[in-house]
Every structure is written in C-alpha cells, then in structure tokens.
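Asker:
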Amino acid sequence: MRLVAPSILAADFNKLGEEIEMINKSNADFVHCDVMDGVFVPNISFGQPIVQSIFKICRKPLDVHLMIVNPEKYIHEFQQAGASIITVHYEACTHLHSIIEEIKGLGVKASVCLNPHTSVGLLEDIIADLDMVLLMSVNPGFGGQKFIENTYHKVSELKELILNKNSSAMIEVDGGVNFEVGKKLYEAGADILVAGSFVFGSDEPIETISRLKQL
Ligand code: DX5
Ligand code: ZN
Numbered sequence: 007m008r009l010v011a012p013s014i015l016a017a018d019f020n021k022l023g024e025e026i027e028m029i030n031k032s033n034a035d036f037v038h039c040d041v042m043d044g045v046f047v048p049n050i051s052f053g054q055p056i057v058q059s060i061f062k063i064c065r066k067p068l069d070v071h072l073m074i075v076n077p078e079k080y081i082h083e084f085q086q087a088g089a090s091i092i093t094v095h096y097e098a099c100t101h102l103h104s105i106i107e108e109i110k111g112l113g114v115k116a117s118v119c120l121n122p123h124t125s126v127g128l129l130e131d132i133i134a135d136l137d138m139v140l141l142m143s144v145n146p147g148f149g150g151q152k153f154i155e156n157t158y159h160k161v162s163e164l165k166e167l168i169l170n171k172n173s174s175a176m177i178e179v180d181g182g183v184n185f186e187v188g189k190k191l192y193e194a195g196a197d198i199l200v201a202g203s204f205v206f207g208s209d210e211p212i213e214t215i216s217r218l219k220q221l
C-alpha cells in the first residue's frame with residue numbers, strides 16, 4: 007500500500023477549515039492529528055475539541071497520534087471526537103496490551119508508536135494484536151525536523167516481524183518525509199507516510215499529496 011496522511015500540525019490554524027477542504031479535495035488517505043501534552047514531548051499542540059471540529063468537516067478518516075502521558079485516560083474521548091485510528095506511544099504505556107484491547111473494544115483501529123531509540127523487537131509479543139505501527143523518524147514534538155536515516159532499517163526489520171508473526175499491521179512513518187525519503191520508505195516496506203511541512207509548505211499541496219502516493 008502507498009498511503010499518505012498529511013499532518014495537520016503544519017497547517018495554518020487561522021484557516022483550518024480551508025486546509026481541511028484542501029485535504030478533502032486531495033487523494034490523501036487520512037488526516038494525521040498530532041496531540042501533544044507538553045509532558046511526554048516538549049511542546050503543546052491541541053486536544054479533543056480541535057479533533058472533533060476537524061471530524062465535523064473532514065471526509066477522510068482521522069489518524070490520531072497521542073504524544074501524551076497516561077494515554078489510557080483519554081482513549082474514550084478521542085474515540086468520541088471521531089478518531090478512526092488511535093496511536094499510543096510504547097514509551098508512555100505500562101500496560102500496553104490492555105490499552106490496545108480498550109482501543110479495539112471501542113471499534114477504533116489500534117496502533118503503537120516507537121520513538122527513534124526504541125527497538126522494533128520490543129513489539130514481538132504485541133504485533134499480532136496491532137492494526138498499525140507508527141515509527142518516528144524524528145524525535146516527537148515538532149514538525150519540520152530532519153529525517154533520521156536509521157529509520158529505513160527499522161522499517162525493514164518491522165516488515166519482517168509482521169510477516170513472521172502473521173500480523174496484519176500496517177507500517178506508518180512520521181517525520182521529515184519528502185519525495186526522496188518517501189520513495190525509499192515505500193521500498194523498505196512502509197504503507198503510510200505522514201507528511202506535515204512538506205505538504206503544507208508546498209505551493210501545490212494537492213499535487214504534492216498525489217505525487218507522494220505515486221513514488
Ligand atoms: C512530530 C509529529 C509529526 C509532525 C511531522 O512530533 O508527530 O507528525 O507533524 O512533521 P514533518 O512532516 O514536518 O516532519
Ligand atoms: Zn505524528
């Protein structure tokens with residue numbers, strides 16, 4: 007699969023409605039919503055009210071990336087706000103299995119995110135239960151950072167783990183994606199590319215989204 011999830015973090019929040027309209031018109035597959043709490047990551051972005059407003063006008067499924075501590079406290083609220091996929095960080099979850107079960111029990115796709123320093127092998131006993139794994143290719147907290155090259159290797163390793171364990175998890179990669187990086191990521195086995203500044207900073211965002219899907 008070659009899917010694209012524009013990250014709304016890089017949108018102009020003065021005209022969020024127009025930015026969502028642009029995504030509606032594009033052939034993007036998801037809208038990636040980056041929720042940051044200023045504790046798990048050194049930045050604060052937005053929470054449920056914004057996700058809910060996006061949901062009201064958005065015709066693409068919402069891919070909600072929770073960069074927060076104690077994500078289990080907020081799963082239900084983000085499901086209510088319209089999330090189709092909820093991603094929690096491996097590093098933020100003591101009882102990961104039970105959180106994944108809770109997400110799936112609410113009828114939402116369940117995903118786990120790994121920070122750049124977290125090994126793919128740690129997912130061995132949970133991979134069969136996951137709908138998606140999100141690999142961070144920058145340190146979470148900010149858009150517009152440089153892609154970390156070690157991610158290509160992690161994508162291949164994760165693909166192998168998924169096949170070995172008969173898992174149906176999709177592989178999503180987040181941070182520093184552009185045409186050059188995206189092509190290599192798809193070749194390594196990625197299914198979904200998140201792209202923030204590359205899409206919203208481009209002169210023709212609809213065209214950029216289209217080209218990202220055809221690399
Ligand atoms: C970073 C976020 C990303 C970010 C990506 O913490 O998780 O989703 O928006 O932005 P770019 O594509 O600009 O690196
Ligand atoms: Zn993200």
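Under this note's numbering, residues 7 to 221 are what the sequence shown spells out, in order.
Cβ coordinates follow ideal geometry from the N, Cα and C atoms, glycine included.
All values reported here derive from a predicted model rather than from experimental measurement.
#1: For a test of the three-state rule: what should DSSP assign to residue 75, helix, strand or coil?
#2: For residue 71, is the beta carbon positioned less than 7 Å from some heavy atom of the ligand DX5?
#3: Tell me which residues share the same chain as residue 55 and place their Cβ nearer than 7 Å to its Cβ, disregarding the 5 neighbours each side in the sequence.
#4: When the Cα atoms are used, what is the spatial distance from residue 59 to residue 211?
#5: Do the stretch 196-207 and the stretch 111-125 touch if we need at least three Cβ pairs shorter than 8 Å?
#6: Which of helix, strand or coil does DSSP assign to residue 97?
#7: Check whether the Cβ atoms of residue 158 and residue 191 lie closer than 8 Å to each other.
#8: Going by DSSP, what residue range makes up the beta strand (DSSP E) through residue 162?
#9: Quick one: using the 10 Å Cβ neighbour count with 16 as the cut-off for buried, is residue 50 buried or exposed?
#10: Are residue 72 and residue 93 close, meaning C-beta to C-beta below 8 Å?
#11: For residue 63, collect the residues of the same chain with a Cβ closer than 7 Å to its Cβ; drop the 5 residues on either side in sequence, then sort them by chain order.
#12: So does residue 144 have its beta carbon nearer than 7 Å to some heavy atom of the ligand DX5?
#13: Would you say the beta carbon of residue 120 comes nearer than 7 Å to a heavy atom of the ligand DX5?
#14: In the DSSP assignment, what are the bridge partners of residue 117?
#15: Considering just the uninterrupted stretch of the alpha helix (DSSP H) at residue 187, what are its terminal residues?
#16: Please tell me whether residue 195 and residue 161 are closer than 8 Å, where the distance is taken between their beta carbons.
#17: Could you give the distance in angstroms between the alpha-carbon of residue 19 and the alpha-carbon of residue 52?
#18: Smallest Cα separation from residue 70: which of 40, 141, 79?
Answerer: So, from the listed chains and residues:
#1: As a working mapping, residue 75 is identified with position 69 in the sequence shown. Residue 75: coil per DSSP, three-state reduction.
#2: Within the sequence shown, numbered from 1, the residue matching residue 71 stands at position 65. Proximity of the beta carbon of residue 71 to the ligand DX5 is indicated: a heavy atom of the ligand is located closer than 7 Å.
#3: The residue you call residue 55 lines up with position 49 of the sequence shown. The beta carbon of residue 55 lies closer than 7 Å to none in the same chain, with the five residues before and after it left out.
#4: Residue mapping note: residue 59 aligns to position 53 of the sequence shown, counting from 1. Residue mapping note: residue 211 aligns to position 205 of the sequence shown, counting from 1. Rounded to whole angstroms, the separation of the alpha carbons of residue 211 and residue 59 is 21 Å.
#5: Segments in contact, no.
#6: For the purposes of this step, residue 97 is taken as the residue at position 91 of the sequence shown. Reduced to three states, the DSSP call for residue 97 is helix.
#7: Looking up residue 158 in the sequence shown gives position 152. Looking up residue 191 in the sequence shown gives position 185. Taking 8 Å as the Cβ cut-off, residue 158 and residue 191 qualify as a contacting pair.
#8: Start at 1 with the first residue of the sequence shown, and residue 162 comes out as number 156. Residue 162 -> not in any beta strand (DSSP E); alpha helix (DSSP H) instead, spanning 157-170.
#9: As a position in the sequence shown, residue 50 is number 44, starting the count at 1. Exposed, since its Cβ has fewer than 16 Cβ neighbours within 10 Å.
#10: Sequence index remark: in the sequence shown, residue 72 carries index 66 (1-based). Sequence index remark: in the sequence shown, residue 93 carries index 87 (1-based). Against a cut-off of 8 Å, the Cβ pair of residue 93 and residue 72 comes out as a contact.
#11: Along the sequence shown, one-based indexing puts residue 63 at 57. Take residue 63, set aside five residues on each side of it, and the residues of its chain with a beta-carbon closer than 7 Å to its own are 23, 26, in chain order.
#12: Numbered from 1 along the sequence shown, position 138 holds the residue referred to as residue 144. True, at least one ligand heavy atom lies under 7 Å from that Cβ.
#13: Here residue 120 corresponds to residue number 114 of the sequence shown, with the count starting at 1. Set against 7 Å, the gap from the CB of residue 120 to the closest heavy atom of the ligand DX5 is not smaller.
#14: As a working mapping, residue 117 is identified with position 111 in the sequence shown. 93, 138.
#15: Numbered from 1 along the sequence shown, position 181 holds the residue referred to as residue 187. In the DSSP assignment, residue 187 falls within the unbroken alpha helix (DSSP H) covering 185-194.
#16: Start at 1 with the first residue of the sequence shown, and residue 195 comes out as number 189. Start at 1 with the first residue of the sequence shown, and residue 161 comes out as number 155. Yes, Cβ-Cβ distance for residue 195 and residue 161 is below 8 Å.
#17: One-based indexing of the sequence shown puts residue 19 at position 13. One-based indexing of the sequence shown puts residue 52 at position 46. C-alpha separation (whole angstroms): 11 Å.
#18: The sequence position of residue 70 within the sequence shown is 64, counting from 1. Closest by alpha carbon: 40.
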